[in-house]
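In this text, residue positions in the sequence shown follow this note's numbering: the first is 50, and each later residue adds one. Each remark here refers to the structure printed beneath this line.
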Amino acid sequence: MTVEDYLIREEKSEIRHEFYNGQVYAMAGGTVNHNRLIDTVKDGLKGQVRKWGCQVFSENMKVDVMQGVYMPYPDVVVTCHPFDLRGDNTVVRQPRLLIEVLSKSTASHDRGFKWLRYRRMPSLWYYMLIDQYTMTVELFSRIEETDEWINTIYEHPNDILVLPRLNCELLVSDMYADIELIPDVENDVN
Numbered sequence: 050m051t052v053e054d055y056l057i058r059e060e061k062s063e064i065r066h067e068f069y070n071g072q073v074y075a076m077a078g079g080t081v082n083h084n085r086l087i088d089t090v091k092d093g094l095k096g097q098v099r100k101w102g103c104q105v106f107s108e109n110m111k112v113d114v115m116q117g118v119y120m121p122y123p124d125v126v127v128t129c130h131p132f133d134l135r136g137d138n139t140v141v142r143q144p145r146l147l148i149e150v151l152s153k154s155t156a157s158h159d160r161g162f163k164w165l166r167y168r169r170m171p172s173l174w175y176y177m178l179i180d181q182y183t184m185t186v187e188l189f190s191r192i193e194e195t196d197e198w199i200n201t202i203y204e205h206p207n208d209i210l211v212l213p214r215l216n217c218e219l220l221v222s223d224m225y226a227d228i229e230l231i232p233d234v235e236n237d238v239n
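Here is the structure:
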């Protein structure tokens with residue numbers, strides 16, 4: 050399938066599909082915690098980045114990660130580019146922050162396949178992974194004007210994720226407000 054065919058088909062589809070190398074893959078649904086984390090983080094970012102001309106989108110915005118090759122739907126996207134912010138636009142091409150909420154079925158894909166592709170995007174400053182089973186947030190931050198990244202892990206409710214290039218911050222306890230942490234028993238080591 051071509052990218053053009055994919056975009057036309059996706060406009061009419063009731064189910065979201067990721068595009069990779071001519072193939073389409075249906076997206077799975079999420080848990081209540083998955084959706085709450087997305088909403089809480091989106092809300093926490095929205096007011097902070099808006100004053101700098103940026104916008105926050107969740108779940109329904111495709112990102113053109115590799116032109117004509119890979120278009121996923123990250124859980125949360127922040128972009129500041131005027132092209133991305135046009136009212137009729139359906140694809141983000143210049144994201145500054147991409148966020149994935151980890152689930153049992155997607156965690157290894159988000160950490161591996163997606164991360165290997167996301168980090169090649171010149172516009173991307175931050176990649177965040179939010180665990181829905183434990184209070185754990187991983188933040189990958191690009192060192193300015195390089196292809197090098199710093200990985201920081203936040204596991205305490207009082208930890209503050211600082212995103213200086215977006216002039217915003219998030220408190221871990223706010224991110225996990227109203228979240229009932231249910232351990233992933235398959236990955237528990239006793």
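Virtual Cβ for every residue (Gly too), placed ideally from N, Cα, C.
Residue i, DSSP secondary structure in three states
i: Val-118; result: coil
i: Asp-227; result: coil
i: Arg-166; result: helix
i: Asp-180; result: strand
i: Val-238; result: At Val-238, the pLDDT of 49 sits below 50, so the modelled position is not reliable and the matter cannot be decided from this model.
i: Arg-135; result: coil
i: Thr-80; result: coil
i: Glu-193; result: coil
i: Glu-60; result: helix
i: Leu-86; result: helix
i: Lys-100; result: coil
i: Glu-53; result: helix
i: Leu-188; result: strand
Residue i versus the options, residue with shortest Cα-Cα distance
i: Asp-180; options: Gly-96, Leu-230, Leu-212 and Lys-163; result: Leu-230
i: Leu-219; options: Leu-94, Trp-198 and Glu-149; result: Leu-94
i: Arg-142; options: Pro-123, His-158 and Ser-172; result: Ser-172
i: Gly-117; options: Tyr-55, Asn-207 and Tyr-175; result: Tyr-55
i: Asn-109; options: Lys-100, Val-127 and Arg-145; result: Val-127
i: Leu-146; options: Gly-136, Val-112, Ser-157 and Ala-156; result: Val-112
i: Trp-101; options: Met-120, Leu-134 and Ser-107; result: Leu-134
i: Met-120; options: Thr-201, Thr-89 and Tyr-167; result: Tyr-167
i: Val-81; options: Arg-214, Ser-152, Trp-174 and Ile-202; result: Ser-152
i: Asp-124; options: Trp-174, Lys-91 and Arg-169; result: Lys-91
i: Val-98; options: His-130, Ser-157, Leu-86 and Arg-85; result: His-130
i: Asp-83; options: Tyr-182, Ser-190, Leu-210 and Arg-191; result: The question names Asp, but residue 83 is His in the sequence shown. Closest option to His-83, Cα to Cα, is Tyr-182.
i: Val-52; options: Met-177, Ser-190, Ser-107 and Met-115; result: Met-115
i: Asp-227; options: Gly-79, Lys-61 and Ile-87; result: Ile-87
i: Met-177; options: Cys-103, Leu-212 and Gly-79; result: Leu-212
Buried/exposed call for residue i, threshold 16 Cβ in 10 Å
i: Ser-154; result: exposed
i: Glu-149; result: buried
i: Pro-232; result: exposed
i: Pro-8; result: The requested residue 8 is not part of the displayed model; the chain covers only 50 to 239.
i: Met-224; result: buried
i: Lys-163; result: buried
Host beta strand (DSSP E) of residue i (start-end)
i: Ile-199; result: 198–203
i: Arg-145; result: 144–151
i: Ile-209; result: 209–212
i: Leu-219; result: 217–220
i: Ser-107; result: 104–107
i: Thr-128; result: 125–128
Residue-chain proximity (residue i, chain C), Cβ-Cβ < 9 Å
i: Cys-103; result: The question asks about chain C, but that chain is absent: this structure has only one protein chain.
*Is there contact between the region 126–143 and the region 191–210, where contact requires at least three CB pairs shorter than 8 Å?*
Because the criterion of three Cβ pairs below 8 Å is not met, the region 126–143 and the region 191–210 do not touch.
_When you compare the region 208–227 with the region 180–189, are there three or more beta-carbon pairs, one atom per stretch, that lie closer than 8 Å?_
Yes: at least three Cβ pairs fall under 8 Å.
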